[in-house]
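J.: Taken in order, these protein sequences are the chains called A and B. At position 9 of the first sequence (counting the first as 1) the number is 9 in full-length UniProt numbering, and the numbers step up by one without a gap. At position 38 of the second sequence (counting the first as 1) the number is 38 in full-length UniProt numbering, and the numbers step up by one without a gap. Quick reminder that beta carbons are idealized off the backbone N, C-alpha and C, glycines included.
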Amino acid sequence: MPDAIMAEGLVKKYGDVTALDEMELTVPEGTVFGLLGPNGAGKTTTVRILTTLLRPDAGHATVAGLDVVRDAGRLRARIGVSGQYAAVDDHLTGAENLEMVGRLYHLGAGRSRRRARELLERFDLTEAADRPVQGYSGGMRRRLDLAGALVAAPPVLFLDEPTTGLDPRARIGLWDVIAELVAEGTTVLLTTQYLEEADRLADRIAVVDHGRVIALGTADELKDQVGGERVELSLADAAGLESAARTLAPLAAGDVRIDSAALQMTIPVSGGVAALTRALGDLAAERITVRDAGLRRPTLDDVFLSLTGHQADETTEETAR
Amino acid sequence: MNALHLAVADGMTIARRNALKIRRAPDLLGGVVMIPIVFVLLFTYVFGSMISLPGMSYAEYLLPGIFVMTIVTSAQITGYTLTQDLQKGVFDRFRTLPMSPSAVLTGQTVSDVIMNVTSIVTMALVGLLAGWRVRSSPVEAVLGFLMLLLFAYAFSWVTATVALALRTPEVFNNLATLVSFPLVFLSNALVDSTRLPGPLRVVAEWNPVSTLVQAARELFGNTSPALPAPAAWPLRHAVPVSLLWSLLLLVVFVPLATRLYTRAVSR
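#1: Could you please tell me which residues of the region 73 to 84 of chain A, in chain order, have their CB closer than 9 Å to any CB of chain B?
#2: How many Å lie between T316 of chain A and G144 of chain B at the Cα?
#3: Please report whether the beta-carbon of E318 of chain A lies at a distance below 8 Å from any beta-carbon of chain B.
#4: Based on the DSSP output, what are the partners of A7 of chain A in its beta bridges?
#5: Alpha carbon to alpha carbon, how far is A4 of chain A from V27 of chain A?
#6: Check whether chain A comes within 8 Å of A3 of chain B, counting only Cβ atoms and requiring the distance to be less than that.
#7: Kindly give me the distance between the Cβ atoms of V33 of chain B and I66 of chain B, rounded to whole angstroms, as I take these residues to be in contact under 8 Å.
#8: Which ranges would you report for the alpha helix (DSSP H) in the region 76 to 140 of chain B if only whole runs of at least 4 residues count?
#9: Tell me V290 of chain A's beta-bridge partners as DSSP assigns them.
#10: Can you tell me where the beta strand (DSSP E) with I267 of chain A in it begins and where it stops?
#11: In this structure, what does DSSP give as the bridge partners for K12 of chain A?
#12: Is it buried or exposed for Y14 of chain A, if we count other Cβ within 10 angstroms and need 16 for buried?
#13: Any beta carbon of chain A sitting closer than 8 Å to that of V32 of chain B?
#14: Tell whether a beta-carbon distance below 8 Å holds between L98 of chain A and A147 of chain A.
#15: According to DSSP, is P132 of chain A part of a helix, a strand, or is it coil?
#16: Considering Cα atoms alone, identify which of B:F43, B:M69, B:V68, B:T70 is closest to S57 of chain B.
#17: Just how far apart, CA to CA, sit L105 of chain B and G272 of chain A?
#18: With DSSP as the reference, please indicate the residues paired to V32 of chain B in a beta bridge.
#19: Please state whether the Cβ-Cβ distance between R55 of chain A and V69 of chain A is less than 8 Å.
#20: Whole angstroms are fine: how far does the CA of A160 of chain B sit from the CA of V239 of chain B?
#21: Run the CB neighbour count on S270 of chain A, radius 10 Å, all protein chains shown included, and call it buried at 16 or more, exposed below.
#22: Got a sec? Which residues, its chain only, sit under 8 Å from D21 of chain A by beta carbon, not counting five neighbours each side?
#23: If the cut is a Cβ gap below 8 Å, which residues of chain A does L20 of chain B touch?
#24: Between G183 of chain B and R103 of chain A, what straight-line distance do the alpha-carbon atoms span, to the nearest angstrom?
#25: Using a Cβ cut-off of 8 Å (strictly closer), state whether G37 of chain A contacts chain B.
#26: Here's the rule: buried if 16 or more other CB atoms are within 10 angstroms of the residue's CB, otherwise exposed. What is T126 of chain A?
#27: Taking 8 Å as the threshold (beta carbon to beta carbon), is R259 of chain B in contact with chain A?
#28: On a Cα-Cα basis, can you pick out the residue from A:L119, A:R257, A:F304, A:D199 that is closest to A95 of chain A?
#29: Along chain A, in chain order, which residues have C-beta atoms closer than 7 Å to that of D92 of chain B?
#30: In its own chain, which residues sit with a C-beta less than 7 Å from the C-beta of L86 of chain B, not counting the 5 before and 5 after it?
#31: What runs of the beta strand (DSSP E), each 3 residues or longer, lie entirely inside the region 119 to 203 of chain A?
#32: Do you know how far the Cα of T164 of chain A is from the Cα of L63 of chain B?
#33: Are the C-beta of R103 of chain A and some C-beta of chain B separated by less than 8 Å?
#34: For a cutoff of 8 Å on Cβ pairs, would you count L97 of chain B as touching chain A?
#35: Can you tell me which of A:V156, A:P154, A:A239, A:P162 puts its alpha carbon nearest to the alpha carbon of R143 of chain A?
#36: Evaluate R321 of chain A with the Cβ neighbour count: other Cβ atoms within 10 Å of its Cβ, from every protein chain shown; 16 or more gives buried, anything less gives exposed.
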């Protein structure tokens, strides 16, 4: 299958800050590729280069077989972009917003109008179609923005943090819409800060940090790298922490993390609830007091911690500095 | 469709969008209709009751000044809209579309012409009620309105340039107010500039706003032989100099705004 998106050695610098440091990625046609990383990791910069908004300082990239710099003009007719800010006009109605985009894709007045109505219906916005966007909820605005990206039925779609800032219900609604598009064969490049979102939508995920890909694989492969589920414990005192570490060592499927200041420990396990039950039983037998206990799946933080040795939000601060 | 045809079509699409926005946004609509009405009534009746001119009514003297004053202040809407679009990422969306890149600015400035037509018509009608009269021929009067619109169009490229350089709506608004007030008040728009003290008079005489006001007075026939004729060169040739000003602003600021737009959106 040909690659819908291909980027090689992309570099972008802003003064002393390196936003992209030899970014590489390939996305086969008809698949969903997730760029996962914290704020400032280089996700948006990558999207801006691939959507012709920004010229890379070095490297090159093609989208739908067209060079993002040399063929920028022709490429724009073949991509759809939906950004994190929902670039819709507040004073225009939903229908007017989409019609305008259709006209700017040069579909002509009649086709733009029909396409706008079609998309409004599809995105469940028919009722709000003739109301100014000002009164839309966050979820509705995002849906409208996404509809705007689909006006010309582009073969390649870029979604830059499509659900950031949405409430859980709106997020799930948007996921369903994106999943449908993918089922129709659109190639999608998606950026997100949420592992769960990448997990749900992406065929392959690249974890990005400091402007480069630090891990690549399916959601399951990435989670396996992190070590699967873990038991988290809060203990009553420091002495308990030490004896608990000794007691539970046989249960651990990886490195046990101990936070002595917070009196907390994290133990990678396999076996789910059974492992948690066993851990609590073992601790009770040793008369170690447990304040709080839980079993949880790996999060983006865990992926980051295991891949980079620092927390996701620390990266944000470093890049912002 | 060739490139020029596309640029025009895209420009019209953007202009249509902006015109819709002005119609729906109360703050913008207020700037286009309400403020001109208030200007005409306030200045005609407040200043008019204090100031008397030999050989003509103050309302007649004042209206061309109010036209120009409104054009200068409402050109801020161009810049304000641009800074807002820049901040909201609307331009990013535009730039990922296969549209003509120049269409954003031409569309914006063209919709401002529509806005200026609306506010000038409003002011002319309210002015007629308040005692303003056109004493020249209909052809001259039409030329007068066209000259005002041309200057308004050119001036909105100036505010577009400033807005794209400053990038944030708040900073732009502050600076625009700071510049537009002296521009209007250090001119002959509201008072007879020949009676200003020395240095102020020189500034007022060479202020392009004065030239435009003088040109409008001449074309609408709102002058009086009893008033001292302006001695300064730009005011003695007000109509051609006003046209020159408009062309000069266009020649300088169209390319400048276009360059700044490209720079502002490609960060």
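T.: On the basis of the data shown:
#1: G73, R74, L75, R76, A77, R78, I79, G80, V81, S82, G83, Q84
#2: By one-based count along the first sequence, residue 316 of chain A stands at place 316. By one-based count along the second sequence, residue 144 of chain B stands at place 144. Only weak support is given to the placement of T316 of chain A: the predicted model assigns it a pLDDT of 42, under 50, and the question is left unresolved by the model.
#3: Residue numbering aside, residue 318 of chain A sits at position 318 when the first sequence is read from its first letter. Bear in mind that a pLDDT of 38 at E318 of chain A, under 50, signals an unreliable position, so the model cannot answer this.
#4: On the first sequence, residue 7 of chain A is found 7 positions in, with the first residue counted as 1. Residue pairing by DSSP puts A7 of chain A in a beta bridge opposite A:L25, A:A61.
#5: On the first sequence, residue 4 of chain A is found 4 positions in, with the first residue counted as 1. On the first sequence, residue 27 of chain A is found 27 positions in, with the first residue counted as 1. Distance between the alpha carbons of A4 of chain A and V27 of chain A is about 6 Å.
#6: The count along the second sequence starts at 1 and reaches residue 3 of chain B at position 3. Judged by the 8 Å Cβ criterion, A3 of chain B is not in contact with chain A.
#7: Here the question's residue 33 of chain B lines up with position 33 in the second sequence. Here the question's residue 66 of chain B lines up with position 66 in the second sequence. That belief does not hold up - the Cβ atoms of V33 of chain B and I66 of chain B are roughly 14 Å apart, past 8 Å.
#8: Counting only runs of 4 or more, we get 76 to 88, 90 to 95, 103 to 129.
#9: Locating residue 290 of chain A in the first sequence gives position 290, counting from the first residue. DSSP lists A:L235 as the bridge partner or partners of V290 of chain A.
#10: Residue mapping note: residue 267 of chain A aligns to position 267 of the first sequence, counting from 1. Per DSSP, the continuous beta strand (DSSP E) segment holding I267 of chain A begins and ends at 264 to 268.
#11: Residue 12 of chain A sits at position 12 when you count from the first residue of the first sequence. The secondary-structure analysis by DSSP pairs K12 of chain A across a beta bridge with A:L20.
#12: In the first sequence, counting from the first residue as 1, residue 14 of chain A sits at position 14. When all chains shown are included, Y14 of chain A counts as exposed.
#13: Against the second sequence, residue 32 of chain B aligns to sequence position 32. V32 of chain B does not count as touching chain A.
#14: Position 98 of the first sequence, counted from the first residue, corresponds to residue 98 of chain A. Position 147 of the first sequence, counted from the first residue, corresponds to residue 147 of chain A. Yes; because the gap between Cβ atoms is below 8 Å, this pair is in contact.
#15: Your numbering for residue 132 of chain A matches position 132 in the first sequence. Three-state DSSP puts P132 of chain A in a strand.
#16: What you label residue 57 of chain B is simply residue 57 of the second sequence in a count that begins at 1. Minimum Cα distance to S57 of chain B is reached at B:F43.
#17: Within the second sequence, the letter at position 105 stands for residue 105 of chain B. Within the first sequence, the letter at position 272 stands for residue 272 of chain A. Approximately 60 Å, taken between the alpha carbons.
#18: By 1-based counting over the second sequence, the position of residue 32 of chain B is 32. Paired residue(s): none; V32 of chain B is not in a bridge.
#19: As a working mapping, residue 55 of chain A is identified with position 55 in the first sequence. As a working mapping, residue 69 of chain A is identified with position 69 in the first sequence. Yes, Cβ-Cβ distance for R55 of chain A and V69 of chain A is below 8 Å.
#20: One-based indexing of the second sequence puts residue 239 of chain B at position 239. One-based indexing of the second sequence puts residue 160 of chain B at position 160. Spanning the two alpha carbons is a distance of roughly 25 Å.
#21: Taking the first sequence and counting its residues from 1, the one referred to as residue 270 of chain A is at position 270. Per the 10 Å Cβ criterion, exposed.
#22: The count along the first sequence starts at 1 and reaches residue 21 of chain A at position 21. Within the same chain, V11, G42, H210, G211, R212 come within 8 Å of D21 of chain A by CB-CB distance, once the 5 residues on both sides are set aside.
#23: Working through the second sequence from its first residue, we reach residue 20 of chain B at position 20. Those within 8 Å of L20 of chain B in chain A are H91, L92, E96.
#24: The residue labelled residue 183 of chain B in the question sits at position 183 within the second sequence. The residue labelled residue 103 of chain A in the question sits at position 103 within the first sequence. Gly is not the amino acid found at residue 183 of chain B; the sequence shown has Leu there. Going from the Cα of L183 of chain B to the Cα of R103 of chain A covers about 40 Å.
#25: What you label residue 37 of chain A is simply residue 37 of the first sequence in a count that begins at 1. Output row for G37 of chain A: interface = no.
#26: Along the first sequence, read from residue 1 onward, the residue named residue 126 of chain A stands at position 126. Exposed: under 16 other Cβ atoms inside 10 Å.
#27: The sequence position of residue 259 of chain B within the second sequence is 259, counting from 1. It does not: the Cβ of R259 of chain B has no partner Cβ on chain A nearer than 8 Å.
#28: In the first sequence, counting from the first residue as 1, residue 95 of chain A sits at position 95. The residue with the shortest Cα to Cα distance from A95 of chain A is A:L119.
#29: Translated into positions along the second sequence, residue 92 of chain B becomes position 92. Per Cβ cutoff of 7 Å: L53, G83, A87.
#30: In the second sequence, the residue the question calls residue 86 of chain B occupies position 86. Here the set comprises R167, A264.
#31: Within the region 119 to 203 of chain A, the complete beta strand (DSSP E) runs of at least 3 residues are 156 to 160, 187 to 192.
#32: Position 63 of the second sequence, counting from 1, holds the residue named residue 63 of chain B. Position 164 of the first sequence, counting from 1, holds the residue named residue 164 of chain A. Roughly 53 Å separates the two Cα atoms.
#33: Along the first sequence, one-based indexing puts residue 103 of chain A at 103. Yes - at least one Cβ of chain B is within 8 Å of the one on R103 of chain A.
#34: Reading the second sequence from its first residue, position 97 is the one you call residue 97 of chain B. Taking Cβ atoms only, chain A reaches closer than 8 Å to L97 of chain B, which makes this a yes.
#35: Here the question's residue 143 of chain A lines up with position 143 in the first sequence. Measuring from the Cα of R143 of chain A, the nearest candidate turns out to be A:P162.
#36: As a first step, residue 321 of chain A is located in the first sequence; it is residue number 321 there, counting from the start. Here R321 of chain A scores only 33 on pLDDT, less than 50, and its place in the model should not be relied on; the value that follows carries that caveat. Exposed: under 16 other Cβ atoms inside 10 Å.
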